[in-house]
Amino acid sequence: MTTAAWIDLDGLANMRDVGGLPTQDGRQVQHGRLVRSDNLQELTTADVQVLLDHGVTDIVDLRSRAELAMTGPGPLVQVEPLTHHHHSLFADDLVDVTVEDALVLPWHDRVEETRDDNHWTSHYLGYLADRPDSVAAALDVVSRSAGATVVHCAAGKDRTGTVTAMALSVAGVSDDDITADYLATRERIERVVDRLKATPAYADNLRDRPLSDHVPDPETIPRLLEAVRRAAGSVPDWLSAQGWTDDDLTRLRDRLTRP
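The opening position of the sequence shown corresponds to residue 3 in my numbering, with each subsequent residue numbered one higher.
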């Protein structure tokens, strides 16, 4: 099993390159193709340079419009070589909001359909059901990027974990290794939560919740991938249902695995 390739920066807690994960056909995910992360709002000048040196060319932001309005632009917005892509995973997140409008986060008091007995699997299946367009668009960015793509949300666990799991499944990584990548966030979860608690946009939502609520569950990703297979056949089949062609799937697979 591959050790998580952490990218330690001063301004975040949960960034790692998924390169090094083996595929079931004997290849491996290449470094410098897909980087998963928590929020990028607090990167230092030195942090930004590390990402540029790592070959980052594209940023996929999975946060809601409310989160963007409440937290403001991060330092990477000012970096000329980078291309930014916003693909929210919330169904009702279709119009711009101002700071004044963004009084609550989109999941506050939200009633969700139960799609699986595992709480987080059910939550993640909601992303696929509510915003398949955003999930497919995020993966399309990864497939077309000239360099490394950073995919991030607030914590780098849930929305980022869903998109990353879909990408790695297309690449041919086993469910066990995809799960191991997801569970690596356990090593940083206390730092992630402490960081979000210090951010006004997230503090109220986190204040009275125990740390155990946020620890990644080993059943979540296997059940997510199995649910996708039951519904669609496979992750590639799910993407085909969103309009992806065989060439699109090959492009993503090759981008992640071809040296």
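We treat Cβ as the ideally placed atom computed from N, Cα and C, and that holds for glycine.
In whole angstroms, what is the alpha-carbon distance linking residue i and residue j?
i, j, result
"residue 88", "residue 66", "9 angstroms"
"residue 174", "residue 246", "17 angstroms"
"residue 258", "residue 22", "10 angstroms"
"residue 99", "residue 215", "The pLDDT assigned to residue 99 is 45, lower than 50, so where the model puts this residue is not dependable, and the model offers no usable value."
"residue 240", "residue 254", "14 angstroms"
"residue 146", "residue 250", "9 angstroms"
"residue 9", "residue 260", "22 angstroms"
"residue 181", "residue 159", "12 angstroms"
"residue 116", "residue 231", "18 angstroms"
"residue 176", "residue 28", "11 angstroms"
"residue 34", "residue 48", "19 angstroms"
"residue 81", "residue 75", "12 angstroms"
"residue 85", "residue 165", "18 angstroms"
"residue 79", "residue 204", "21 angstroms"
"residue 237", "residue 172", "6 angstroms"
"residue 233", "residue 122", "18 angstroms"
"residue 256", "residue 38", "19 angstroms"
"residue 129", "residue 161", "8 angstroms"
"residue 248", "residue 235", "15 angstroms"
"residue 124", "residue 134", "15 angstroms"
"residue 227", "residue 114", "20 angstroms"
"residue 11", "residue 83", "20 angstroms"
"residue 207", "residue 199", "8 angstroms"
"residue 150", "residue 62", "11 angstroms"
"residue 20", "residue 7", "7 angstroms"
"residue 252", "residue 155", "26 angstroms"
Would a C-beta distance cut-off of 8 angstroms place residue i and residue j closer than the cut-off?
i, j, result
"residue 93", "residue 132", "yes"
"residue 77", "residue 58", "no"
"residue 220", "residue 187", "no"
"residue 15", "residue 197", "yes"
"residue 30", "residue 24", "yes"
"residue 222", "residue 120", "yes"
"residue 144", "residue 36", "yes"
"residue 225", "residue 55", "no"
"residue 213", "residue 189", "no"
"residue 185", "residue 136", "no"
DSSP puts residue i in a beta bridge; with which residues?
i, result
"residue 220", "Per DSSP, none; premise fails for residue 220."
"residue 8", "18"
"residue 36", "151"
"residue 61", "86 and 152"
"residue 25", "175"
"residue 51", "None; residue 51 has no bridge partner."
"residue 30", "24"
Is residue i buried or exposed, if buried means 16 or more other CB atoms sit within 10 Å of its CB?
i, result
"residue 18", "buried"
"residue 209", "exposed"
"residue 60", "buried"
"residue 163", "buried"
"residue 105", "A caution first: residue 105 carries a pLDDT of 40, below 50, which makes its placement in the model unreliable, though a value can still be read off. That one is exposed."
"residue 5", "exposed"
"residue 43", "buried"
"residue 263", "What is shown of the chain runs 3 to 261, which leaves residue 263 out entirely."
"residue 46", "exposed"
"residue 40", "buried"
"residue 73", "buried"
"residue 211", "exposed"
"residue 148", "exposed"
"residue 243", "exposed"
"residue 13", "buried"
How many whole angstroms separate the CB atoms of residue i and residue j, which I take to be in contact at a CB cut-off of 8 angstroms?
i, j, result
"residue 183", "residue 170", "7 angstroms"
"residue 194", "residue 157", "5 angstroms"
"residue 64", "residue 153", "7 angstroms"
"residue 229", "residue 141", "At roughly 18 angstroms, the Cβ-Cβ gap does not stay under 8 angstroms, so residue 229 and residue 141 are not in contact."
Using a beta-carbon distance below 8 angstroms, is residue i in contact with chain B?
i, result
"residue 155", "Among the chains in the structure shown there is no chain B, since it carries only a single protein chain."
Considering only heavy atoms of the ligand COA, does any lie closer than 7 angstroms to the CB of residue i?
i, result
"residue 204", "The model on display carries no ligand, and the ligand COA is accordingly not part of it."
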